[in-house]
Amino acid sequence: MSKAAGAVAVVFALGGGVMTALTNVLGANAETITLALVGLALFGTGQMIGGKTAAAPAPAPETILSKAN
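In this text, residue positions in the sequence shown follow my numbering: the first is 12, and each later residue adds one.
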């Protein structure tokens, strides 16, 4: 889990740097492009570490419905 948290922190830090650099070149479009790049980076990071971190199984739908009522 710490690898995932570290990867997310790095991706967002790089995203901030990219946004700063692109603002000088692209102006108002820099935010949209940077968000797309950060999204792709997070997806790629998730694919790289996918299956290598422990995750709790999702609860069965019946248990969620019974708790709601």
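Backbone N, C-alpha and C define an ideal beta-carbon position, used for all residues, glycine too.
In the structure shown, residue 32 falls within a helical segment according to DSSP collapsed to helix, strand and coil. Secondary structure note for residue 55: its alpha helix (DSSP H) is the uninterrupted segment 41 to 60. For residue 71, the three-state secondary structure derived from DSSP is coil. Within the same chain, 33, 37 come within 7 Å of residue 44 by CB-CB distance, once the 5 residues on both sides are set aside. Rounded to the nearest whole angstrom, the CA to CA distance from residue 52 to residue 14 is 15 Å. Selection 71, 73, 72, 56 evaluated against residue 17 yields 56 as nearest (Cα-Cα).
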